[in-house]
Amino acid sequence: MDIARRIGIHVNTVRLYEKCALIPKPDRLPNGYRVFTDLHIEQFKLARAALRVEVLQNGLRKQAVNIIKVSAAGNYEEAAVLTRRYIQ
């Protein structure tokens with residue numbers, strides 16, 4: 001099953017999240033298909049939840065996107081620190 005159907009998003013959203021570095025860069029098979037893991041699924045869920053919040057104003061959306069990107073890059077400690085700052 002492809003990732004877009006599994007998560008319930010459009011395939012273009014998958015491409016956009018990859019392009020914007022909101023998910024870790026997936027490995028690719030010799031045929032060019034992306035290989036998504038459980039980590040990717042969780043990262044998609046994180047991004048979808050954070051970006052779905054309608055009250056993200058006054059720079060909060062930018063902060064949320066930054067946290068998602070830091071997490072996608074595998075810097076979980078830094079993402080946790082940024083998250084704590086974000087919610088204070």
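In full-length UniProt numbering, the protein residues as written are 1 to 88. From the three backbone atoms N, C-alpha and C, an ideal C-beta is built for every residue, glycine too.
Inter-residue spacing [alpha-carbon to alpha-carbon] between residue i and residue j
i, j, result
"Gln43", "Gln88", "23 Å"
"Gly8", "Asp2", "10 Å"
"Gly59", "Lys25", "26 Å"
"Lys62", "Tyr86", "11 Å"
"Val65", "Ala80", "13 Å"
"Thr13", "Arg84", "28 Å"
Contact belief for residue i with residue j at Cβ below 8 Å, rounded distance in angstroms
i, j, result
"Ala50", "Ile68", "6 Å"
For residue i, the first and last residue of its enclosing alpha helix (DSSP H)
i, result
"Asp38", "38-52"
"Asn66", "60-72"
"Ile87", "76-87"
Any chain B beta carbon closer than 8 Å to residue i
i, result
"Arg34", "Absent here is chain B; the protein component of the structure consists of one chain."
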